[in-house]
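Accompanying notes for the structure given below.
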Amino acid sequence: MTGSLYSYFYNLTLQSSPAAQPSNPKMMVDRYSIASFLIFSFLIGALDASAGDADPLYRACVADCEKTGCVGGRCFPHCKFPSDGVANDGPWYMQEPLYLKWKQWDCESDCRYNCMVEREKEMEAVGNGPVKYHGKWPFKRVFGIQEPASVAFSALNLAMHFHGWLSFFILLNYNLPLRQGKKAYYEFASLWHIYGLLAMNSWLWSAVFHSRDVDLTEKLDYSSAVALLGYSLILAILRCFNVRVEAARVMVAAPFLAFVTTHILYLNFYTFDYGWNMKVCVLMGVAQLLISAIWAGVTRHPYRWKCWVVVIGGGLAMLLEIYDFPPYQGFFDAHAIWHATTIPLTYLWWSFIRDDAKFRTSILLRKAD
257 MTGSLYSYFY
267 NLTLQSSPAA
277 QPSNPKMMVD
287 RYSIASFLIF
297 SFLIGALDAS
307 AGDADPLYRA
317 CVADCEKTGC
327 VGGRCFPHCK
337 FPSDGVANDG
347 PWYMQEPLYL
357 KWKQWDCESD
367 CRYNCMVERE
377 KEMEAVGNGP
387 VKYHGKWPFK
397 RVFGIQEPAS
407 VAFSALNLAM
417 HFHGWLSFFI
427 LLNYNLPLRQ
437 GKKAYYEFAS
447 LWHIYGLLAM
457 NSWLWSAVFH
467 SRDVDLTEKL
477 DYSSAVALLG
487 YSLILAILRC
497 FNVRVEAARV
507 MVAAPFLAFV
517 TTHILYLNFY
527 TFDYGWNMKV
537 CVLMGVAQLL
547 ISAIWAGVTR
557 HPYRWKCWVV
567 VIGGGLAMLL
577 EIYDFPPYQG
587 FFDAHAIWHA
597 TTIPLTYLWW
607 SFIRDDAKFR
617 TSILLRKAD
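With the working numbering applied, the sequence shown corresponds to residues 257 to 625, in that order.
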(Lines of atoms letter the chains of each structure in order from A and count residues from 1; the text may use other names and numbers.)
(Lines give C-alpha, C1' and ligand atoms only; values in the text may rest on other atoms or scores of the structure.)
Protein backbone atom coordinates (compact mmCIF):
# COMPACT_ATOMS: atom_id res chain seq x y z
CA MET A 1 0.00 0.00 0.00
CA THR A 2 2.83 2.39 0.86
CA GLY A 3 4.54 1.61 -2.45
CA SER A 4 1.36 2.29 -4.40
CA LEU A 5 0.89 5.64 -2.67
CA TYR A 6 4.51 6.55 -3.35
CA SER A 7 4.12 5.69 -7.05
CA TYR A 8 0.92 7.71 -7.24
CA PHE A 9 2.48 10.79 -5.64
CA TYR A 10 5.58 10.37 -7.86
CA ASN A 11 3.38 10.37 -10.98
CA LEU A 12 1.54 13.42 -9.67
CA THR A 13 4.88 15.17 -9.22
CA LEU A 14 5.94 14.36 -12.79
CA GLN A 15 2.61 15.55 -14.13
CA SER A 16 2.86 18.81 -12.22
CA SER A 17 6.42 19.55 -13.39
CA PRO A 18 6.88 22.60 -15.67
CA ALA A 19 7.22 20.37 -18.75
CA ALA A 20 4.02 18.55 -18.04
CA GLN A 21 1.85 21.25 -16.46
CA PRO A 22 -1.61 21.50 -17.96
CA SER A 23 -2.77 24.74 -19.42
CA ASN A 24 -5.95 24.62 -17.31
CA PRO A 25 -5.28 26.03 -13.77
CA LYS A 26 -8.38 24.28 -12.46
CA MET A 27 -6.85 20.88 -13.22
CA MET A 28 -3.76 21.86 -11.21
CA VAL A 29 -5.92 22.80 -8.23
CA ASP A 30 -7.85 19.52 -8.49
CA ARG A 31 -4.65 17.47 -8.53
CA TYR A 32 -3.18 19.29 -5.56
CA SER A 33 -6.49 18.90 -3.69
CA ILE A 34 -6.58 15.15 -4.37
CA ALA A 35 -2.96 14.73 -3.33
CA SER A 36 -3.50 16.75 -0.12
CA PHE A 37 -6.64 14.78 0.72
CA LEU A 38 -4.89 11.43 0.27
CA ILE A 39 -1.90 12.50 2.36
CA PHE A 40 -4.21 13.78 5.10
CA SER A 41 -6.27 10.57 5.04
CA PHE A 42 -3.14 8.45 5.18
CA LEU A 43 -1.78 10.39 8.17
CA ILE A 44 -5.10 10.24 10.01
CA GLY A 45 -5.27 6.49 9.50
CA ALA A 46 -1.71 6.05 10.75
CA LEU A 47 -2.36 8.15 13.84
CA ASP A 48 -5.67 6.49 14.65
CA ALA A 49 -4.52 2.88 14.32
CA SER A 50 -2.80 0.81 16.99
CA ALA A 51 0.25 -1.30 16.16
CA GLY A 52 -1.79 -4.51 16.10
CA ASP A 53 -4.65 -3.47 13.86
CA ALA A 54 -2.19 -1.73 11.51
CA ASP A 55 -0.46 -5.08 10.92
CA PRO A 56 -1.11 -6.19 7.29
CA LEU A 57 -1.28 -9.86 8.31
CA TYR A 58 -3.90 -9.08 10.95
CA ARG A 59 -5.93 -7.02 8.47
CA ALA A 60 -5.76 -9.78 5.88
CA CYS A 61 -6.85 -12.33 8.48
CA VAL A 62 -9.89 -10.25 9.47
CA ALA A 63 -10.89 -9.63 5.86
CA ASP A 64 -10.62 -13.33 5.02
CA CYS A 65 -12.51 -14.33 8.16
CA GLU A 66 -15.42 -12.00 7.36
CA LYS A 67 -15.73 -13.71 3.98
CA THR A 68 -15.30 -17.34 5.08
CA GLY A 69 -16.32 -17.16 8.75
CA CYS A 70 -13.23 -19.16 9.73
CA VAL A 71 -9.80 -18.53 11.28
CA GLY A 72 -7.20 -21.27 11.53
CA GLY A 73 -9.70 -24.08 11.19
CA ARG A 74 -12.19 -22.51 13.63
CA CYS A 75 -15.48 -21.29 12.21
CA PHE A 76 -17.95 -18.98 13.93
CA PRO A 77 -21.73 -19.11 13.66
CA HIS A 78 -21.86 -15.34 14.23
CA CYS A 79 -20.62 -14.80 10.69
CA LYS A 80 -24.05 -15.98 9.54
CA PHE A 81 -25.50 -13.02 11.41
CA PRO A 82 -24.63 -9.41 10.50
CA SER A 83 -24.96 -6.55 12.96
CA ASP A 84 -28.78 -6.56 12.76
CA GLY A 85 -28.85 -10.18 13.97
CA VAL A 86 -30.73 -11.55 10.92
CA ALA A 87 -29.22 -14.61 9.28
CA ASN A 88 -27.57 -14.11 5.90
CA ASP A 89 -28.35 -17.60 4.60
CA GLY A 90 -31.70 -18.24 6.27
CA PRO A 91 -35.32 -16.97 6.40
CA TRP A 92 -36.32 -13.77 8.16
CA TYR A 93 -37.40 -15.56 11.33
CA MET A 94 -33.90 -16.97 11.95
CA GLN A 95 -32.62 -14.69 14.69
CA GLU A 96 -29.51 -14.91 16.79
CA PRO A 97 -30.30 -16.27 20.30
CA LEU A 98 -31.04 -13.54 22.84
CA TYR A 99 -28.45 -14.84 25.32
CA LEU A 100 -25.82 -14.12 22.64
CA LYS A 101 -27.44 -11.12 21.00
CA TRP A 102 -27.41 -8.94 24.13
CA LYS A 103 -23.60 -8.92 24.08
CA GLN A 104 -23.66 -7.60 20.49
CA TRP A 105 -21.05 -10.11 19.33
CA ASP A 106 -21.06 -10.14 15.55
CA CYS A 107 -18.89 -11.54 12.78
CA GLU A 108 -16.49 -8.59 12.89
CA SER A 109 -15.98 -8.88 16.67
CA ASP A 110 -15.32 -12.62 16.53
CA CYS A 111 -12.99 -12.28 13.55
CA ARG A 112 -11.02 -9.50 15.18
CA TYR A 113 -10.63 -11.43 18.42
CA ASN A 114 -9.57 -14.72 16.87
CA CYS A 115 -7.23 -13.08 14.36
CA MET A 116 -5.69 -11.19 17.27
CA VAL A 117 -5.16 -14.45 19.16
CA GLU A 118 -3.52 -16.05 16.13
CA ARG A 119 -1.23 -13.09 15.49
CA GLU A 120 -0.19 -12.96 19.15
CA LYS A 121 0.76 -16.64 19.02
CA GLU A 122 2.82 -16.06 15.89
CA MET A 123 4.62 -13.05 17.38
CA GLU A 124 5.24 -14.85 20.67
CA ALA A 125 6.84 -17.72 18.74
CA VAL A 126 9.46 -15.34 17.29
CA GLY A 127 10.04 -13.56 20.62
CA ASN A 128 7.91 -10.44 20.14
CA GLY A 129 5.75 -9.04 22.92
CA PRO A 130 2.03 -8.15 22.86
CA VAL A 131 0.78 -5.07 21.00
CA LYS A 132 -2.50 -3.19 21.17
CA TYR A 133 -5.38 -3.83 18.79
CA HIS A 134 -7.91 -1.05 18.23
CA GLY A 135 -6.57 0.75 21.30
CA LYS A 136 -6.76 -2.25 23.65
CA TRP A 137 -4.33 -4.88 24.88
CA PRO A 138 -4.96 -8.48 23.73
CA PHE A 139 -7.04 -9.94 26.56
CA LYS A 140 -8.19 -13.53 26.69
CA ARG A 141 -11.94 -14.04 26.84
CA VAL A 142 -13.52 -16.25 29.49
CA PHE A 143 -17.14 -17.28 28.79
CA GLY A 144 -17.40 -14.35 26.38
CA ILE A 145 -16.14 -11.82 28.94
CA GLN A 146 -13.62 -9.44 27.41
CA GLU A 147 -11.55 -8.55 30.48
CA PRO A 148 -12.27 -11.24 33.09
CA ALA A 149 -9.81 -10.00 35.73
CA SER A 150 -11.20 -6.45 35.67
CA VAL A 151 -14.74 -7.82 35.82
CA ALA A 152 -13.89 -10.02 38.83
CA PHE A 153 -12.17 -7.19 40.71
CA SER A 154 -14.99 -4.77 39.89
CA ALA A 155 -17.47 -7.30 41.28
CA LEU A 156 -15.36 -7.65 44.44
CA ASN A 157 -15.29 -3.87 44.85
CA LEU A 158 -19.07 -3.85 44.47
CA ALA A 159 -19.36 -6.57 47.14
CA MET A 160 -16.98 -4.67 49.44
CA HIS A 161 -19.02 -1.47 49.12
CA PHE A 162 -22.22 -3.40 49.78
CA HIS A 163 -20.68 -4.96 52.88
CA GLY A 164 -19.41 -1.58 54.07
CA TRP A 165 -22.70 0.19 53.47
CA LEU A 166 -24.73 -2.61 55.11
CA SER A 167 -22.47 -2.69 58.19
CA PHE A 168 -22.75 1.11 58.40
CA PHE A 169 -26.55 0.88 58.22
CA ILE A 170 -26.66 -1.79 60.95
CA LEU A 171 -24.30 0.23 63.16
CA LEU A 172 -26.45 3.36 62.98
CA ASN A 173 -29.84 1.71 63.39
CA TYR A 174 -29.10 -1.16 65.79
CA ASN A 175 -25.80 -0.62 67.61
CA LEU A 176 -25.71 3.13 68.33
CA PRO A 177 -28.24 5.17 70.35
CA LEU A 178 -30.97 6.90 68.36
CA ARG A 179 -32.69 10.23 68.75
CA GLN A 180 -36.41 10.56 69.29
CA GLY A 181 -38.13 9.47 66.12
CA LYS A 182 -35.50 6.75 65.63
CA LYS A 183 -33.09 9.03 63.82
CA ALA A 184 -29.34 8.62 64.09
CA TYR A 185 -27.28 11.14 66.03
CA TYR A 186 -24.65 11.11 63.27
CA GLU A 187 -25.44 14.16 61.13
CA PHE A 188 -23.86 12.81 57.94
CA ALA A 189 -25.64 9.44 57.88
CA SER A 190 -27.90 10.20 54.90
CA LEU A 191 -24.96 11.55 52.90
CA TRP A 192 -22.99 8.35 53.40
CA HIS A 193 -26.00 6.26 52.41
CA ILE A 194 -26.15 8.11 49.09
CA TYR A 195 -22.40 7.63 48.70
CA GLY A 196 -22.79 3.86 49.20
CA LEU A 197 -25.51 3.63 46.55
CA LEU A 198 -23.49 5.66 44.03
CA ALA A 199 -20.37 3.57 44.70
CA MET A 200 -22.22 0.29 44.17
CA ASN A 201 -23.79 1.67 40.98
CA SER A 202 -20.37 2.74 39.68
CA TRP A 203 -18.73 -0.65 40.26
CA LEU A 204 -21.73 -2.45 38.78
CA TRP A 205 -21.33 -0.60 35.48
CA SER A 206 -17.57 -1.05 35.65
CA ALA A 207 -18.09 -4.81 35.71
CA VAL A 208 -20.59 -4.61 32.84
CA PHE A 209 -18.32 -2.41 30.74
CA HIS A 210 -15.28 -4.67 31.16
CA SER A 211 -17.49 -7.63 30.35
CA ARG A 212 -18.53 -6.15 27.00
CA ASP A 213 -17.17 -2.88 25.68
CA VAL A 214 -19.83 -1.18 23.55
CA ASP A 215 -20.85 2.47 23.29
CA LEU A 216 -23.71 2.18 25.81
CA THR A 217 -21.76 0.31 28.51
CA GLU A 218 -18.80 2.67 28.10
CA LYS A 219 -20.97 5.75 28.63
CA LEU A 220 -22.72 4.21 31.63
CA ASP A 221 -19.40 3.27 33.21
CA TYR A 222 -17.77 6.67 32.70
CA SER A 223 -20.89 8.60 33.70
CA SER A 224 -21.29 6.58 36.90
CA ALA A 225 -17.62 7.10 37.80
CA VAL A 226 -17.90 10.86 37.24
CA ALA A 227 -21.06 11.02 39.37
CA LEU A 228 -19.33 9.12 42.18
CA LEU A 229 -16.21 11.32 42.08
CA GLY A 230 -18.26 14.51 42.01
CA TYR A 231 -20.44 13.45 44.92
CA SER A 232 -17.38 12.24 46.88
CA LEU A 233 -15.85 15.71 46.54
CA ILE A 234 -19.07 17.33 47.76
CA LEU A 235 -19.24 14.92 50.69
CA ALA A 236 -15.59 15.55 51.60
CA ILE A 237 -16.21 19.31 51.72
CA LEU A 238 -19.41 18.96 53.79
CA ARG A 239 -17.84 16.56 56.29
CA CYS A 240 -14.46 18.22 56.61
CA PHE A 241 -15.96 21.69 57.10
CA ASN A 242 -18.68 20.21 59.33
CA VAL A 243 -21.55 21.70 57.31
CA ARG A 244 -24.67 20.55 59.15
CA VAL A 245 -27.34 23.11 58.19
CA GLU A 246 -29.43 21.84 55.28
CA ALA A 247 -29.60 25.20 53.49
CA ALA A 248 -25.82 25.60 53.67
CA ARG A 249 -25.34 22.09 52.29
CA VAL A 250 -27.53 22.92 49.31
CA MET A 251 -25.59 26.12 48.63
CA VAL A 252 -22.25 24.30 48.76
CA ALA A 253 -23.38 21.33 46.68
CA ALA A 254 -25.33 23.23 43.97
CA PRO A 255 -22.39 24.51 41.86
CA PHE A 256 -20.61 21.13 42.00
CA LEU A 257 -23.79 19.27 41.06
CA ALA A 258 -24.33 21.67 38.16
CA PHE A 259 -20.77 21.14 36.89
CA VAL A 260 -20.88 17.34 37.21
CA THR A 261 -24.29 17.15 35.50
CA THR A 262 -23.10 19.39 32.66
CA HIS A 263 -19.94 17.31 32.26
CA ILE A 264 -21.90 14.05 32.05
CA LEU A 265 -24.30 15.55 29.48
CA TYR A 266 -21.30 16.86 27.51
CA LEU A 267 -19.74 13.39 27.38
CA ASN A 268 -22.93 11.60 26.41
CA PHE A 269 -24.59 14.01 24.00
CA TYR A 270 -21.85 16.26 22.59
CA THR A 271 -18.47 14.55 22.35
CA PHE A 272 -16.81 11.80 24.35
CA ASP A 273 -13.52 13.58 25.08
CA TYR A 274 -11.31 11.11 26.96
CA GLY A 275 -8.57 13.66 27.66
CA TRP A 276 -10.92 16.26 29.12
CA ASN A 277 -12.74 13.63 31.17
CA MET A 278 -9.43 12.37 32.61
CA LYS A 279 -8.47 15.90 33.67
CA VAL A 280 -11.84 16.45 35.36
CA CYS A 281 -11.72 13.11 37.19
CA VAL A 282 -8.11 13.54 38.35
CA LEU A 283 -8.85 17.07 39.58
CA MET A 284 -11.91 15.96 41.59
CA GLY A 285 -10.13 12.88 42.94
CA VAL A 286 -6.98 14.71 44.04
CA ALA A 287 -9.02 17.54 45.59
CA GLN A 288 -11.06 15.06 47.60
CA LEU A 289 -7.97 13.18 48.83
CA LEU A 290 -6.13 16.36 49.83
CA ILE A 291 -9.13 17.83 51.67
CA SER A 292 -9.67 14.59 53.63
CA ALA A 293 -5.98 14.13 54.47
CA ILE A 294 -5.49 17.72 55.69
CA TRP A 295 -8.74 17.66 57.68
CA ALA A 296 -7.80 14.41 59.42
CA GLY A 297 -4.48 15.88 60.48
CA VAL A 298 -5.70 19.34 61.50
CA THR A 299 -8.63 18.04 63.58
CA ARG A 300 -6.48 15.22 65.03
CA HIS A 301 -9.26 12.76 64.33
CA PRO A 302 -8.69 9.65 66.51
CA TYR A 303 -8.89 7.40 63.45
CA ARG A 304 -6.95 9.66 61.11
CA TRP A 305 -4.40 6.92 60.32
CA LYS A 306 -7.09 5.03 58.41
CA CYS A 307 -7.90 8.09 56.36
CA TRP A 308 -4.20 8.65 55.60
CA VAL A 309 -3.68 5.04 54.55
CA VAL A 310 -6.60 5.30 52.12
CA VAL A 311 -5.34 8.63 50.75
CA ILE A 312 -1.74 7.47 50.28
CA GLY A 313 -2.78 4.04 49.00
CA GLY A 314 -5.28 5.57 46.59
CA GLY A 315 -2.68 8.01 45.29
CA LEU A 316 -0.14 5.24 44.71
CA ALA A 317 -2.77 3.04 43.07
CA MET A 318 -3.55 5.81 40.58
CA LEU A 319 0.02 5.48 39.27
CA LEU A 320 -1.02 2.12 37.80
CA GLU A 321 -3.30 4.03 35.44
CA ILE A 322 -0.27 5.99 34.21
CA TYR A 323 2.13 3.04 34.00
CA ASP A 324 0.34 1.00 31.36
CA PHE A 325 1.64 -2.49 30.59
CA PRO A 326 0.31 -5.53 28.68
CA PRO A 327 -1.81 -8.10 30.54
CA TYR A 328 0.12 -10.89 32.23
CA GLN A 329 -1.03 -14.23 30.80
CA GLY A 330 -3.67 -12.25 28.91
CA PHE A 331 -5.59 -11.31 32.08
CA PHE A 332 -3.85 -8.96 34.54
CA ASP A 333 -2.99 -5.53 33.15
CA ALA A 334 -2.35 -2.28 35.03
CA HIS A 335 -6.04 -1.37 35.07
CA ALA A 336 -7.06 -4.75 36.50
CA ILE A 337 -4.40 -4.52 39.23
CA TRP A 338 -5.62 -1.01 40.05
CA HIS A 339 -9.09 -2.45 40.58
CA ALA A 340 -7.56 -5.10 42.85
CA THR A 341 -5.76 -2.53 45.03
CA THR A 342 -8.98 -0.63 45.70
CA ILE A 343 -10.61 -3.66 47.36
CA PRO A 344 -8.70 -3.49 50.70
CA LEU A 345 -8.77 0.32 50.57
CA THR A 346 -12.57 0.20 50.26
CA TYR A 347 -12.79 -2.04 53.32
CA LEU A 348 -10.59 0.34 55.33
CA TRP A 349 -12.51 3.39 54.11
CA TRP A 350 -15.86 2.04 55.29
CA SER A 351 -14.18 1.13 58.59
CA PHE A 352 -13.16 4.78 58.93
CA ILE A 353 -16.72 5.92 58.13
CA ARG A 354 -18.11 3.66 60.88
CA ASP A 355 -15.48 4.91 63.35
CA ASP A 356 -16.34 8.50 62.45
CA ALA A 357 -20.01 7.77 63.14
CA LYS A 358 -19.14 6.33 66.56
CA PHE A 359 -16.85 9.28 67.33
CA ARG A 360 -19.39 11.94 66.39
CA THR A 361 -22.21 10.11 68.19
CA SER A 362 -20.19 9.94 71.43
CA ILE A 363 -19.49 13.70 71.24
CA LEU A 364 -23.17 14.54 70.66
CA LEU A 365 -24.26 12.25 73.51
CA ARG A 366 -21.86 13.97 75.91
CA LYS A 367 -23.26 17.36 74.85
CA ALA A 368 -26.82 16.10 75.34
CA ASP A 369 -26.00 15.08 78.90
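For glycine and all other residues, C-beta sits at the position ideal for the given N, C-alpha and C.
For the pair K562 and S488, the CB atoms are not nearer than the 8 Å cut-off. A check of alpha carbon separations from W551 across D366, L485, H419 and V567 identifies V567 as the nearest. For the set Y430, L484, D469 and R435, the Cα lying nearest the Cα of L447 is the one of L484.
The Cβ atoms of E380 and P394 lie no closer than 8 Å to each other. Annotation for L576: A590, H591, I593, W594 and T597 place their beta carbon closer than 8 Å to its own, counting only its chain and skipping 5 residues before and after.
DSSP lists no beta-bridge partner residue for Y441.
For W551, the enclosing alpha helix (DSSP H) starts and ends at Y530 to V554. Spatial neighbours of L428 in its own chain (CB-CB distance under 7 Å, excluding positions within 5 residues in sequence) are listed in chain order as A440, Y442, A445 and A613.
The stretch 459-476 makes contact with the stretch 403-412, as at least three CB pairs between them are under 8 Å. In this structure, DSSP gives K562 a helical state, which the three-state scheme calls helix.
Counting every other CB atom within 10 Å of its CB across the protein chains shown gives A509 a total of 16 or more, marking it as buried. Contact check for C335 and D366: beta-carbon distance about 7 Å, within the 8 Å limit, so the pair qualifies.
Per DSSP, the unbroken alpha helix (DSSP H) holding H419 starts and ends at P404 to I426. Minimum Cα-Cα distance from R616 among the listed residues L414, L539, L434 and V506 corresponds to L434. The continuous alpha helix (DSSP H) containing R368 extends over residues C363 to A381. Proximity of the stretch 529-549 to the stretch 488-506 meets the contact definition, three or more beta-carbon pairs being nearer than 8 Å. Taking the C-beta atoms as reference points, G328 is found no nearer than 8 Å to E378. Between M416 and Y559, the C-beta spacing is not below 8 Å.
CA-CA distance, H390 to A307, rounds to 8 Å. Taking a 10 Å sphere around the C-beta of Q544, we find 16 or more other C-beta atoms and assign the residue as buried. For F425, the closest of L620, I619 and D611 by C-alpha to C-alpha distance is D611.
If you draw a straight line from the Cα of F587 to the Cα of S410, it comes to about 14 Å.
For K392, the three-state secondary structure derived from DSSP is strand. Close CB contacts of E474 within its chain, under the 7 Å cut and outside five residues either way in sequence, are with F465 (chain order). Residue pairing by DSSP places C317 opposite no residue, since no beta bridge is assigned to it.
Look at Y522 here: in three-state DSSP terms it is helix. Linking D362 to R505 through their CA atoms gives a straight-line distance of about 49 Å.
With respect to the 8 Å criterion, H449 and V482 are not classified as neighbours on the basis of their beta carbons. Going by beta carbons, P582 and P333 fall outside the 8 Å limit.
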